[in-house]
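Q: Just passing along the structure, written as C-alpha cells.
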Amino acid sequence: MATPNITMDPITRIEGQLAVQAVAENGVITDAWAVSKLFRGIEVVLKGRAPEDAFYVTQRMCGVCPTSHGHASSMATEAVDPSFELPNGARIVRNILEGAEWLHSHIFHFYALAALDYVNPAKALQANIADTYALAMEQGIGTADFGAVQARLAKLVEGGDLSIFTNGWWGIDPVANPEEADELYNPDIPAELHLIGVSQYLQGLEMQAVAAQIISIIGGKFPMPMTSVAGGTAWMPRADKLDDCLFRLKEVTAFVDNHMIPFTLAIAPYYLNELTYGQGVKNFLSWGAFDRSTRRIEDRYLPGGFIKAADGLTNVNRPMVEHVTEDVSRSWYDQESGQRFTESETTIVTGSDFSQDLDGQYSWGKAPRYQRDPMEAGPLARVIVAYMDQASASNATVREAVDGALAVLGLDDPTILVSTLGRVAARNIETAVAAKWAAEWVDELVVELRTGRAEFWAPYNSSNGEGTGTWEAPRGGLAHHIKTSNGRITDYQLVTPSTWILSPRSDDGVRGPLEEALVGTPIRDIEKPIEAARVVRSFDP
Amino acid sequence: MGSEMTFYENLSQRGVSRRDFLKFCGSTAAVLGLSSTFVPTLASKIAGAAESGLTPAIWLSGGKCTGCLESTLQATYPNVADIVLDLLTLKYSAASMATGKYALDAKKKVYQGNKPFIMIYEGAIMEGENGSGYTMINADGTNSLDDLEAAASSDQCAAIIAMGQCAVDGGWVRAFPNPSGATGMSEYLSRRGIDVPVVNLAGCPASPEELTAVVVQALLLGSDGTLESGIAAVAADLDRLGRPKYLYNATIHDSCPRRGHFENGEFVYRYGSEEEAKNFCVYPMGCKGPQTYRRCPMIRWNDSQSWCVESGGVCIGCATWNWVDNNAPFAGRHRRVGAASSGPLAGWPLHGGGLHPIGTGAALTGVVAAALVAHGLGMKAAKRIGKNATLKTEEMKEYDAKRLKKQGGAN
Amino acid sequence: MPGKMVKESTHPLFVFTHWTNALAMLFLTISGLYIAFPIVGGLMGIARGTHFFWMFVLLINIIIRIIGMFTIKTCCEQGTREKDWDYKNWLPQKTNRHQMWPMVKYYLFFKKDYPITAKYAGLQKLAYWLSIVLTFAVAYTGFAIWGPTQDWWIFRIGNEIVGSLFGFGGGDGLMPMRLIHHWIMWFILIFTCIHGYLSLIYGTKACKMIFLYKED
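Residue numbers (the numbering used here), protein chains in the order written: chain A, 563 to 1103; chain B, 1208 to 1618; chain C, 4 to 219.
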C-alpha cells in the first residue's frame, strides 16, 4: 500500500465527522480511504426502550435530516403490526413534511456546504454591478441586491476578518494573491457570476430557513419535528396552517426555479471536466420516497429500485432489505462480518487503539453491501432509478427535468450524470421536482380534507415482532429495522445514507462508493486538493 | 451617532429595516427578561458594538448530529440575528470554508491569539473506553478530547457556551448504557481541572433565540461593557444546572397555550382525534411539559412558526438532564423509577423495567391487604378473635418477667 | 380490646380531626389519582380544585391536632379515668415501655398472650408518628410540584436534592418528586389498611370510641 499523501481531516461543510486519506500519483488519486470518525451507539441506546420512543431518538442521528429518520423509524414500528394501514391523510401530511425537509436539505447543502467549492467570494469583489445584472438577465437568473452583497463582502475583506471564510483558499491569501486563489476555481468564470453565486449563497441561507418553517408548522420545530409518530401524524391540518405551508412552498419553489436551477446551469459549463471523474461504483440503490396511496415502493413518487453497473445502467430491479449485509472487518466493530443487516448487532471492538489503520480497521462506518456490492445512495441514485424505471408514474416528470437540464448544457446522455458534477446537478434537479410535487400534495390534502372523512392516525400493535422501514433521506436511502418483544425493543438497526456512501472497504477489499469515486480524480496540487473535496461534497456525505 | 448611521446603513444593505431591527431587539430583550424600556438601550449597544471590533468565536463539536448548528441557522429575523452573531466572528465551525489542516490552522490561530474568544461547543464529549476518547481520532493520532482541551485551556478562552443538551450533559448519547462514554461540558472540565465559565443551553436542539440572548448578554450587558464583565453577568445569572435563569425558570406547562384545556379537563386521548383537532391538552399522551423547564411556548421555533405541543405532538422534555433516560417512555405520563445512568441511584433498580408508582404501589397495597386478610384468618384460627376467642392479656410484661428472673437468679 | 376494658374517652376535637383527616385523605387520593391519570376528560378542574382544597384542610387539620396534643388532656392509662396531656400518649409510657417487641411477636404469632399496653400500644405509637411524618412529607412533595410554590427556595432545595439523587443532574427534580409524592400516597393507603384492620379486628368497641369519643 502506498502511503497516503493527501489527508483531509477534518472535512468541514458536511454533516458529521469525516476524514479522507488518499494517495495521489502523477496528479491523479490512485487510492482513497473514507474514515467515519463518529460513534455514538444509537442502536445500543434504543435497546430495552418502548418501540414508539424510537421515532424521537432516531431523529437525533442527523440534525439535517431528522424528519426522514423519524419517518423511517415510524414506518418500521408500524410494520411490526401486519394489519396496520397508514391513514391516507397521514400519508399526505408525511409527504409534505418530507418534501419540505428535502427542499431544506438540498438548498442547505448546495449553498451552505457545496457552493463555496465552486464560487470564489474573493473574486466576486471585482465584479461590475451593472454587468452582474446583465449577466443574470442573460442567463435567466433571478436578481438580488448585488451591490449590497458586494459591499458586505468588501467590508469583511477591509476589516481583515474573513469570519467563516478564513483560510478558505487552502493557505492562499485571496487578497494578496487573487490570481493564485482563483486558480482553485476555473479562472474563466467571470467575477460577475461569482458575485451572483455569493448573493445566492446568502439567499440560500434564508431559503433553507423558509423551507424549515414548513416543517415547523407541521412538526412543531426544525430540527427534530415531533408529529410523524408511529401510527400516522399528530398534526391536524387546518386551512390557515395549510395556507402558511403553501405560501412558503411557493416562495421556495420560486427560488429554486428562478435562482438555483439557472445558476447551476450557468456555472456548470465551467466545470464540465468534472463530468469525467468521480463516477464511483456505478451501482445505485434507492428505497424510494414519497408514498402514493398504494404505499408500495415501486409506486413511490421517487420509486424504489436498484441498478448495477454490471447489469447495465438501464436495468432497474426492486430492492429488498434481505439482500443488505454489513461487513465490519475494516470497522471498529467486533461482530460477525457479512451478517444481514436485519440480523446484525452492534458490538465495539475492545483493546484497539482506534487509530486510523488504513491496512486494518479505520472507520466507525460499517460496510453495507447489496448482494455483496457497494451501492451509491442519494439524489443521483434516485434520479437515475426514476429516469430508467419506465414503469414508474414519475418517469416522465423526471425524464423531462433531466433531459431539459442536459439540453441546456448541450448534452444528451443521461448517464453523464454519473460523475462529480452530475451528482450535484442531479440533486438540484431533484429539488425542483420535489418542490413541484410538494405543492401538489398540499392540494391533494385539501381534497382529502374536503371528503370530511380524512383520518390522520390509526392504532397499531408493535409489542411483538419485527418490522422494517425503508425510506429516503435527502442524502440517500435509509432503512430502519426494529425487533420487539413484550413491548420493548430487543434490537434496532439502521443503515443510513452515510454508511452506504462512506462505507469502508468490504471484507474482500472492495472500496466503498466515496473511496471509489475519489480514485481517478485529478489533483493539481496535493497540498490543495480542492478537486477531491468537491468529489466528497458532491455526495452530501 | 455617526457610527449608528453607518450601522443602519449597513442594515439596510442587508435588507433589514430599522423597524425589523428594533423588533428583534424587543424579542431579545423579552427573552432576556428585560423590560421593554430597555429596548432602545439594547439597540444602541448592538449598533455600537457592531462598529467596534468583533469577538472571535470558534464552534467545536463532539458527538453531535449538527442539529444545533442547523437550529442556529433557523434564527428568527435571520438577517438581524446574523448581525448579532456577526458580533462574534466565527473563525472555525462545521460550516467554515477551510478544510483539513487549513481549518485546524484557522482554529489554532484563535486560541493562540491575543484576543479573548468564546467557544461554542456542540455535541457530547465522548470519552470512550476508560476515558480514552476513542471516537473521533484524527489522522495525526490526536482526538476530539485533545482538541477540546487545547481550546478550553487556552488563556484566551473567555467562556464556553455548551450548545444543546449533548454538550450540557451528554444528551441522548449518554443514555443508558452510554456506549460511547458521553458526558457534558461542565462535568468534563471540572474533572480535568479546567476552570472556564460554562453556560449551558439545554434542549435538543438548543434554539437560536437562546444563543442570541446569551451572546447579547455576554458581549453587551456587562457592568462596564467589557467581555469579561459581560461573562461575569452571564455567570451570575445561572441556575444550578448552569443554565441562564431567564431561559429555564418556568415549565412548559406554566405558559402552554393548551393550559386552559388542561384545567378544563379537555384532553387528547388519541392522535388524529377530534380532540386533537380542537387543540386539547396532550397531557394523557405523555406530555412532559409539567416537569420541563424551558420557554418554548413563548419563544417558539423557526421564526415563531410553531412549537412541539402547538403542532399536536407532546413535549418530550428534551431540556431535562439526561432526558432520554429520565423521560422515556415518551408516551407514558410517568417515568419509571430507575434507569438513571448517573447519580447515586444509577441503574437502580432496573434499566427499562423499573418501578411504576401506580402499578407497583397498587400491587404493594394489594399484597398488604391480602396479608391482613390472611393475618385475620390466622388470628381467628389462633382463637384470639371471634366468638370463641380465648385471648388473655399477659400477667406481666415480658421485660419485667425477665428482670425478675434475673434478679431471682442473682439472689 | 381484650382483657380488662376501661372506660376510655377521646376528646371530641380529636374525633373531629380524625374524621376530617380520613375524609381529606379520601378526597386527596381520588382526586390525585385522577390528576395523574385522567382516564376520562372533563373533571380536571374539579379534581385539581378538590385536591388543593383538601390539601389545605389536611394541613390545617394536622396542625390543629398537633396543637391539641399539648393543650388537651385525655386518658392515658388503662384502668383509670385520670387524664393527662395528650402528647404523653405519643411517647413511651410506664405501662407499655419495653412492650414494642412483645407486640411484634404477638402479631407474628410468636407470643400467645396479648401484651400489656397503655391506651396506645408501642407499635401503634410508632405508626401514628409515622402517619404525621407521612402527611408532612406528602404535603412537602405536593408543594414542591405545585406551580405556585415550586420555586420557593424551600421546595426548590428539595427538588434539587431529589434531582441529584435520581440522575437529574441536581436540578429539575419535578418528576422524581412527583413519583415520591405518589409513593407516599401509597404508604398512607397501606397505613390506613392496617389501621382499619387493627381497629376492627377485636370488635367494634375500639372503633366506637373514635365515633362517640367516649365509651358507653
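Each residue gets a CB set at the ideal place from its N, CA and C atoms; glycine is no exception. Just so we're clear, the structure is a prediction, and the values are computed from it rather than from any experiment.
1) For A:S761, I'd like the list of residues in its chain whose CB is within less than 7 Å of its CB, leaving aside the five on either flank, ordered along the chain.
2) Starting from the C-beta of C:F3, find all residues in its chain whose C-beta is less than 7 Å away, skip the five residues before and the five after it, and write them out in chain order.
3) So if DSSP puts B:L1297 in a beta bridge, which residue, or which two residues, is it bridged to?
4) How is B:M1304 classed by DSSP in three states: helix, strand or coil?
5) Please state whether DSSP places B:M1370 in a helix, a strand or coil.
6) So the alpha helix (DSSP H) A:Q701 belongs to, where does it begin and stop?
7) Could you pull out every residue in the same chain whose Cβ sits closer than 6 Å to the Cβ of C:V30, ignoring the five residues on either side in sequence?
8) A:D1053 by DSSP, collapsed to three states: which one?
9) Might you give, ordered along the chain, the residues of its own chain that have their beta carbon closer than 7 Å to the beta carbon of A:A616, omitting 5 neighbours on each side?
10) Looking at B:Y1500: is its Cβ nearer than 8 Å to the Cβ of B:T1458?
11) Per DSSP, what are the beta-bridge partners of A:P930 in this structure?
12) Are A:F846 and A:A963 touching if we call contact CB-CB under 8 Å?
13) Kindly indicate if chain C contains any beta-carbon less than 8 Å away from that of B:G1585.
14) Assuming A:W797 and A:V970 make a contact with CB atoms under 8 Å, what is their CB distance in whole Å?
15) If the criterion is Cβ atoms closer than 8 Å, does the pair C:I38 and C:R51 meet it?
16) According to DSSP, is A:F846 helix, strand or coil?
17) Using a Cβ-Cβ distance cut-off of 8 Å, determine whether B:E1517 contacts chain E.
18) State the DSSP-derived secondary structure class of C:Y72, mapped to helix, strand or coil.
19) What residues from chain B crowd round C:Y2, counting only those whose CB sits closer than 9 Å?
20) Just to check my reading of the structure: B:L1295 and B:V1406 have Cβ atoms closer than 8 Å, yes? What is that Cβ distance to the nearest angstrom?
21) Buried or exposed for B:Q1614, going by 16 or more other Cβ atoms inside 10 Å?
22) Comparing the C-beta of A:P930 with each C-beta of chain B, is any distance below 8 Å?
23) Which two residues bound the contiguous alpha helix (DSSP H) that contains B:N1533?
24) Just the Cα atoms here: how many angstroms apart are A:Y763 and A:V1004?
25) Using a threshold of 8 Å, state whether the C-beta atoms of A:G793 and A:P1021 are closer than that.
26) Going along chain B in order, which residues have a C-beta closer than 8 Å to the C-beta of A:G625?
27) So A:T1032 is in the beta strand (DSSP E); what residue range does that whole segment cover?
28) From this set, A:W664, A:D744, A:N835 and A:Q841, which residue's C-alpha is nearest A:A771's C-alpha?
29) Please decide whether C:M28 counts as near chain B, where near means a Cβ-Cβ distance under 8 Å.
30) Can you tell me which residues form a DSSP beta bridge with A:V582?
31) What residues from chain B crowd round C:H259, counting only those whose CB sits closer than 7 Å?
32) According to DSSP, C:M58 sits in a beta bridge with which residue or residues?
33) Only counting the same chain, and skipping five residues up and downstream in sequence, which positions put a Cβ closer than 8 Å to that of B:A1526?
34) Spell out whether any CB of chain C is found under 8 Å from the CB atom of B:E1470.
35) Comparing alpha-carbon positions, which option in B:D1312, B:E1605 and B:Y1341 lies nearest A:I734?
36) Pick out whichever of B:P1404, B:V1441, B:S1436 and B:S1430 has its Cα sitting closest to the Cα of B:T1419.
A: Taking the geometry as given:
1) Contacts found: A706, F708 and V711.
2) Because chain C here runs from 4 to 219, residue 3 of chain C falls outside it and cannot be looked at.
3) B:A1264
4) The answer is coil: DSSP assigns B:M1304 none of H, G, I, E or B.
5) strand
6) Residues I691 to Q701.
7) Checking the displayed sequence, the identity of residue 30 of chain C turns out to be Phe instead of Val. Cβ within range, chain order: T53 and W57.
8) Strand at A:D1053.
9) L608, S635, T639, I1044, I1051 and Y1054
10) Yes; because the gap between Cβ atoms is below 8 Å, this pair is in contact.
11) Note: A:P930 sits in a beta bridge opposite A:E888.
12) No Cβ-Cβ contact shorter than 8 Å links A:F846 with A:A963.
13) yes
14) About 39 Å; that fails the 8 Å criterion.
15) It is a contact, given that the beta carbons lie within the stated cut-off.
16) strand
17) The structure shown has no chain E; the protein chains it does contain are A, B and C.
18) The sequence shown places Met at residue 72 of chain C, rather than the Tyr named in the question. In the structure shown, the three-state DSSP call for C:M72 is helix.
19) Nothing in the structure corresponds to residue 2 of chain C, since chain C is present only between 4 and 219.
20) Contact doesn't hold; Cβ gap of about 14 Å is too wide.
21) So B:Q1614 ends up on the exposed side.
22) Not closer than 8 Å to any Cβ of chain B, the Cβ of A:P930 fails to qualify, so no.
23) Membership of B:N1533 in the alpha helix (DSSP H) is indicated by the continuous run W1530 to N1534.
24) Cα to Cα, A:Y763 sits roughly 28 Å from A:V1004.
25) Cβ distance < 8 Å, so A:G793 and A:P1021 count as in contact.
26) The CB of A:G625 comes closer than 8 Å to the CB of K1271, C1272, T1273, G1274, C1275, L1276, E1277, S1278 and P1412 in chain B, given here in chain order.
27) G1027 to A1035
28) Of the listed residues, the one whose Cα sits closest to A:A771 is A:W664.
29) Taking CB atoms only, C:M28 has no neighbour in chain B less than 8 Å away.
30) A:M570 and A:A596
31) Outside the displayed range of chain C (4 to 219) lies residue 259 of chain C, so it cannot be described from this structure.
32) Answer is none; C:M58 lacks a bridge partner.
33) Q1372, A1409, G1410, C1411, Y1455, T1499, Y1500 and R1501
34) yes
35) B:D1312
36) B:V1441
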